[in-house]
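Residue numbers (the numbering used here): 5 to 491.
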């Protein structure tokens, strides 16, 4: 006897730019529809704000330091080099099977319990070597990006034979009057529907990964036309905050690699408006593909027996703090959408402000489908919040990010950050000695934008000390008291 099916929707670079999250710009009727029949998690946090570590963490239910995955080039099943065996809690960045070659991933767990585990689109990091065939019942489709220009359809953004990796980036945006499936996410949606037709009579775990709104901001013209560029709100606090350590900030190199973006200095206002317009156009394009999946479940009579989860792999900056893209420990990068719909849940169309983490997704889906939980998990099932969204929950959500980001071997420092009810505290620690290099504290009661670092303010000394202690004691000490008593 198996439980309900699972539709698992992963979205690349999606911050809470959704109508259901109160974004004043976003036009997202389909994800809003999902939120109306599920639970919206207002304070959900990834464990590291970049693709590979975030996805590896969620898909294994383990935290980045456990996996030793902190970069884009490493796979969790690779072997650790013997010279790092003396550092069991750290080591070099690796594929998630490096430190954990036998770990059972979320879809693999469902597969072992009688489900068809299938995938279309980007679920793990998008390069060929970062895939995990053990996770799936059949080979994943459209899951890798083979050429630099795969995100474009206009001839001017293509090389004579396509741009192979590595290669120069082309334009940061593209608006073409083409059908949805001219771009990758439309193809992914079509492929997912074909898989659904194939497996609908079996218990299934169907993972669908959309690449937009990841750069380049390329979407069919109809989605650009949904927005009046002049009406899209400008970025709040568009300058670098004062009083922050250099570790906290970066030079937006991901965006500046595109051939129509200045390599340094502030971006012109018109370019900022164009980029923000492109991001929202891509969000609406992705939302339309989600709508195709929801409609397909309805048309096949599967909705009432399918758990649906939608998540963005991390947040994103769109010019706030003079930052673009991800790779920081700030709220805008670590916070991302998480929406969960479970058949028969007590509260629908509601939200919870409980602090939750992406490592919680694995145990949540397993429990929702009546599966036992593997012992390696480092998260907590969110199902109790579906019954009582306001109950006491975690004291903190934990994230981290290394500096420098583009390192070889090991980083210099690791920034560990915790989000509590009213504060964000970040400690930048020497990677080897664990000595504190710098601290940040942001008071969300007065500074939701995190632009005033008060770590050195004597009035906040007690909060700095309390949060440093909470960070040091770790995620287990931040679990709800009822869970700690059981443990």
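Cβ coordinates follow ideal geometry from the N, Cα and C atoms, glycine included.
Beta-ladder partner(s) of residue i, from DSSP
i, result
"residue 313", "12, 344"
"residue 43", "344, 354"
"residue 430", "421, 444"
"residue 456", "246"
"residue 359", "47"
"residue 223", "179"
"residue 102", "Beta-bridge pairing links residue 102 to no other residue."
"residue 407", "417"
"residue 214", "15"
"residue 435", "Paired residues: none, contrary to the question."
"residue 148", "In the DSSP output, where bridge partners are listed per residue, residue 148 has none listed."
"residue 339", "49"
Close-in-space but distant-in-sequence residues of the same chain around residue i (CB under 6 Å, 5 per side omitted)
i, result
"residue 482", "398, 399, 400"
"residue 197", "300"
"residue 389", "356, 358"
"residue 221", "177, 282, 283, 286"
"residue 280", "236, 322"
"residue 267", "260"
"residue 426", "448, 449"
Residue closest to residue i, alpha-carbon to alpha-carbon, out of the options
i, options, result
"residue 57", "119, 458, 318", "318"
"residue 453", "428, 468, 470", "428"
"residue 13", "59, 380, 102, 339", "59"
"residue 193", "206, 290, 109", "290"
"residue 30", "335, 292, 395, 180", "292"
"residue 328", "35, 47, 241", "241"
"residue 202", "232, 142, 155", "142"
"residue 362", "463, 189, 382, 214", "382"
"residue 204", "235, 305, 237, 243", "305"
"residue 42", "374, 457, 315", "315"
"residue 189", "107, 155, 181", "155"
"residue 421", "437, 445, 414", "445"
"residue 277", "312, 311, 232", "232"
"residue 312", "297, 326, 23", "297"
"residue 182", "195, 447, 228", "228"
"residue 138", "69, 195, 63, 71", "63"
"residue 360", "424, 353, 416", "424"
"residue 378", "456, 114, 415", "114"
"residue 384", "484, 55, 467, 345", "484"
"residue 271", "474, 246, 239, 234", "239"
Reduced DSSP category for residue i - H, G, I as helix; E, B as strand; rest coil
i, result
"residue 177", "strand"
"residue 383", "coil"
"residue 92", "At residue 92 the pLDDT is 32, less than 50, meaning the model places this residue with poor confidence; the figure from the coordinates comes in the next sentence. It is coil, neither helix nor strand."
"residue 243", "coil"
"residue 329", "strand"
"residue 295", "helix"
"residue 58", "helix"
"residue 115", "helix"
"residue 401", "strand"
"residue 123", "strand"
"residue 276", "helix"
"residue 281", "helix"
"residue 322", "strand"
"residue 486", "helix"
Residue i, buried or exposed, once every other Cβ within 10 Å from all chains shown has been counted against 16
i, result
"residue 225", "exposed"
"residue 176", "buried"
"residue 440", "exposed"
"residue 257", "exposed"
"residue 120", "buried"
"residue 1", "What the structure shows of the chain is the stretch from 5 to 491, and residue 1 is not part of that stretch, so it cannot be assessed."
"residue 10", "buried"
"residue 450", "exposed"
"residue 477", "exposed"
"residue 109", "buried"
"residue 335", "buried"
"residue 161", "buried"
"residue 237", "exposed"
"residue 324", "buried"
"residue 118", "exposed"
"residue 486", "exposed"
"residue 368", "buried"
"residue 395", "exposed"
"residue 87", "For residue 87, the predicted model reports a pLDDT of 41, less than 50, meaning its position is unreliable and no value from the coordinates is stated."
"residue 466", "exposed"
Own chain, CB closer than 7 Å to residue i, minus 5 neighbours either side, in chain order
i, result
"residue 261", "173"
"residue 191", "146, 185"
"residue 307", "301"
"residue 46", "355, 356, 357"
"residue 370", "113, 377"
8 Å Cβ shell around residue i - same chain, five flanking residues per side excluded
i, result
"residue 419", "251, 252, 333, 404, 405, 406, 407, 430, 431, 432, 433"
"residue 199", "122, 124, 145, 210"
"residue 67", "51, 61, 363, 382, 402, 479"
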